[in-house]
Amino acid sequence: MVLEVALIDVLPGQEEAFAVAYGKGHEALATTPGCRSVRMTRGVESPSSFVLLVEWDSIDAHIENFRNTERFNVWRGLIGPYFAAPPVVEHFIDVLA
1 MVLEVALIDV LPGQEEAFAV AYGKGHEALA TTPGCRSVRM TRGVESPSSF
51 VLLVEWDSID AHIENFRNTE RFNVWRGLIG PYFAAPPVVE HFIDVLA
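Residue numbers for the sequence shown follow full-length UniProt numbering, so the first one is 1 and each next one is one higher.
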């Protein structure tokens, strides 16, 4: 299992619109083969900061089943207009299984 962590800064004042767009795009991500779970969180002290946490079967599942497909284009088309900057995305694995 691989955890994708995406740090997303949203344009100030657009946080609620971003959350609505995320709701519309959630299914495109969550139903991707190899996607185990999806969670979006919002900063308490910094409400324009969001963290997306996605558990994937593998990095290949993320790249081949999502990023390289129309699903990603739909997803990015919905949420991308609200980005203040490109998200910072990294993959992580458990230290102890």
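Note that the Cβ used here is the ideal one computed from N, Cα and C, for glycine as well. Remember, predicted model here, so these are calculated numbers, not experimental data.
With DSSP collapsed to three states, give me the class of D9.
-> In the structure shown, D9 falls within a strand segment according to DSSP collapsed to helix, strand and coil.
What's the C-alpha gap between I93 and L53?
-> For the pair I93 and L53, the Cα-to-Cα distance works out to about 13 Å.
Tell me the DSSP bridge mates of H91?
-> Its beta-bridge partners are E4.
Would you tell me roughly how many angstroms separate the C-alpha atoms of A6 and R71, rounded to the nearest one?
-> Approximately 17 Å, taken between the alpha carbons.
Taking the C-alpha atoms as reference points, what is the distance between I59 and S48?
-> Roughly 28 Å between the two C-alpha positions.
Grab the span of the beta strand (DSSP E) containing V51 for me, first residue to last.
-> S49 to W56 is the extent of the beta strand (DSSP E) around V51.
Figure out for me which residue from R36, H91, E27 and G80 has the closest Cα to the Cα of I8.
-> Measuring from the Cα of I8, the nearest candidate turns out to be G80.
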